[in-house]
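*Asks:* Mind having a look at this structure? Questions to follow.
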Ligand code: PMV
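Residue numbers (the working numbering): 489 to 810.
As structure tokens, this is what we get:
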């Protein structure tokens, strides 16, 4: 893969991502298709005079992040003492809503800090460092979020083993016929974290392996079908796969009753919708990806449910300067 981010820049941005399909199953080594979304997070680093006591300078909200990121950077760079600096974070990405905000912030922070320290790092290694941060935040992540955000565009992702992850850029872009009729509905921040939801599925796997095995098989079949559908711009099949994929996610309990109701409304109106990412079991599930050949129909449903929604370009550039 090409290194797209400038190795000297002190201002770095990253997009967010959605799972077109394959979330949760991807934790168990099944393939997933993800795409970047054009809402970006930017970190700007300002070097400070060495006379300044640096511990007073980090915004308390960023303290936890600093405690995760700096040790990762120190180990990689073999630098024990990082000179004083200040960072500013600007973000268009809703937090904790299935858009990979944690991977975006970690990716920008690690890249900008390495640039500040003038430590070289190729993009594959950088992606590995972001994965280390994701492990701290999410327990046992698949690595799909960080790979999408770092490399950009749309990817086919499969975790073959702890050390081998297949990250393949899709050889075609998402057809405009499909990309133009999406909206992303924000159902709100879930009460449960990604870590909670991944553990919920793990627990179900231990108690009811048949249910989770059926889920995994279906999800793999649907993700493979989706690849053909995206290539062939087959709208009818696209709707069928998104609907079936959502039902399959519901079978493992990652979609709350209130969001199921919203999704059924969208389906009844002729569209399709699915949770994106970890989901939630009690109330909100974060972002719902909704599709209809007449987008106004789903915009109307979102409005009637009092939910914010937005559209954004898909398949955009990953980590980059500025
Ligand atoms: O909700 P997010 O953006 O954190 O996505 C989580 C996706 C999962 O498949 C549920 C977990 C993972 O590590 O891939």
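Just so you know, even glycine gets a beta-carbon here, dropped at the ideal spot from N, CA and C. Source: prediction; values computed, not measured.
Do residue 711 and residue 519 have their C-beta atoms closer together than 8 Å?
*Replies:* Result yes, Cβ atoms of residue 711 and residue 519 sit closer than 8 Å.
*Asks:* For the beta strand (DSSP E) containing residue 726, name the first residue and the last one.
*Replies:* Residue 726 -> not in any beta strand (DSSP E); alpha helix (DSSP H) instead, spanning 723 to 738.
*Asks:* Roughly how many angstroms lie between the CA atoms of residue 750 and residue 717, to the nearest whole one?
*Replies:* Each residue's Cα considered, the two are about 25 Å apart.
*Asks:* Taking residue 665 as the reference, give the member of 616, 635, 625 and 719 with the closest Cα.
*Replies:* Here the closest residue by C-alpha is 719.
*Asks:* Secondary structure at residue 616, three-state DSSP: helix, strand or coil?
*Replies:* Here residue 616 sits in helix by DSSP.
*Asks:* Whether or not the stretch 753 to 765 and the stretch 647 to 657 are in contact is what I'm after, with contact meaning three or more pairs of Cβ atoms, one per stretch, closer than 8 Å; do they touch?
*Replies:* They do not touch, by the three-pair rule.
*Asks:* Taking residue 776 and residue 761 to be in contact with their CB atoms under 8 Å, please state how far apart those CB atoms are, rounded to whole angstroms.
*Replies:* With 8 Å as the limit, residue 776 and residue 761 qualify as a contact, their Cβ atoms being about 5 Å apart.
*Asks:* Using a Cβ-Cβ cut-off of 7 Å (strictly less than) and excluding sequence neighbours within five positions of residue 783, which residues of its own chain qualify?
*Replies:* 669 and 671, listed in sequence order.
*Asks:* Which whole runs of the alpha helix (DSSP H) in the stretch 727 to 796 are 4 residues long or more, in chain order?
*Replies:* Listed in chain order, the complete alpha helix (DSSP H) runs (minimum 4 residues) inside the stretch 727 to 796 are 745 to 756 and 783 to 792.
*Asks:* Quick check for students: name the residue ranges of the beta strand (DSSP E) that lie wholly in the stretch 636 to 711, counting only runs of 3 or more.
*Replies:* DSSP runs (the beta strand (DSSP E)) wholly in the stretch 636 to 711: 642 to 647, 653 to 657 and 670 to 674.
*Asks:* Taking CB distances under 8 Å as the criterion, tell me whether residue 698 reaches chain D.
*Replies:* This model lacks chain D altogether, as it is built from one protein chain only.
*Asks:* Using the Cβ count rule (16 or more neighbours within 10 Å means buried), how would you classify residue 490?
*Replies:* Because residue 490 carries a pLDDT of 38, less than 50, the predicted location of this residue cannot be relied on, and the following value inherits that uncertainty. That one is exposed.
*Asks:* Closer than 7 Å to a non-hydrogen atom of ligand 1 - does that hold for the CB of residue 691?
*Replies:* No, the Cβ of residue 691 stays beyond 7 Å of every heavy atom of ligand 1.
*Asks:* Counting only runs of 4+ residues fully inside the stretch 555 to 612, write out the alpha helix (DSSP H) ranges in chain order.
*Replies:* Runs found: 589 to 604.
*Asks:* Please tell me whether, using a cut-off of 7 Å, the distance from the CB of residue 629 to the nearest non-hydrogen atom of ligand 2 is below it.
*Replies:* Here the bound small molecules are ligand 1; ligand 2 is not part of this structure.
*Asks:* Taking contact to mean 3 or more Cβ pairs, one atom from each stretch, closer than 8 Å, check whether the stretch 674 to 687 and the stretch 560 to 570 are in contact.
*Replies:* No, because fewer than three Cβ pairs between the stretch 674 to 687 and the stretch 560 to 570 fall closer than 8 Å, the two stretches do not touch.
*Asks:* Determine the DSSP secondary structure at residue 804, reduced to helix, strand or coil.
*Replies:* Looking at residue 804 - three-state DSSP - the assignment turns out to be coil, as it is neither helix nor strand.
*Asks:* Helix or strand or just coil, what does DSSP make of residue 527?
*Replies:* Reduced to three states, the DSSP call for residue 527 is strand.
*Asks:* Please identify the residue among 728, 748, 692 and 513 whose C-alpha is closest to the C-alpha of residue 758.
*Replies:* The shortest C-alpha separation from residue 758 is found at 728.
*Asks:* Hey, how far is the Cα of residue 531 from the Cα of residue 723?
*Replies:* In a straight line, the C-alpha of residue 531 is about 38 Å away from that of residue 723.
*Asks:* Nearer than 7 Å: is that true of the beta carbon of residue 514 relative to any heavy atom of ligand 1?
*Replies:* Checking every heavy atom of ligand 1 against the Cβ of residue 514, one is found closer than 7 Å.
*Asks:* Among 502, 535, 739 and 497, which residue has its Cα nearest to the Cα of residue 702?
*Replies:* Nearest C-alpha to residue 702: 739.
*Asks:* How about residue 588 and residue 636: do their beta carbons lie closer than 8 Å?
*Replies:* Closer than 8 Å, so yes.
*Asks:* Going by beta carbon distance, what residues of the same chain come within less than 8 Å of residue 764, once the five residues before and after it are set aside?
*Replies:* Excluding sequence neighbours, residue 764 sits near 506, 507, 511, 586, 587, 672, 774, 775, 776 and 777.
*Asks:* May I ask you to check if the CB of residue 684 is nearer than 7 Å to at least one heavy atom of ligand 1?
*Replies:* Incorrect: residue 684 has no Cβ contact closer than 7 Å to ligand 1.
*Asks:* With a threshold of 7 Å, establish whether the CB of residue 780 neighbours any heavy atom of ligand 1.
*Replies:* Outside the cutoff, so no.
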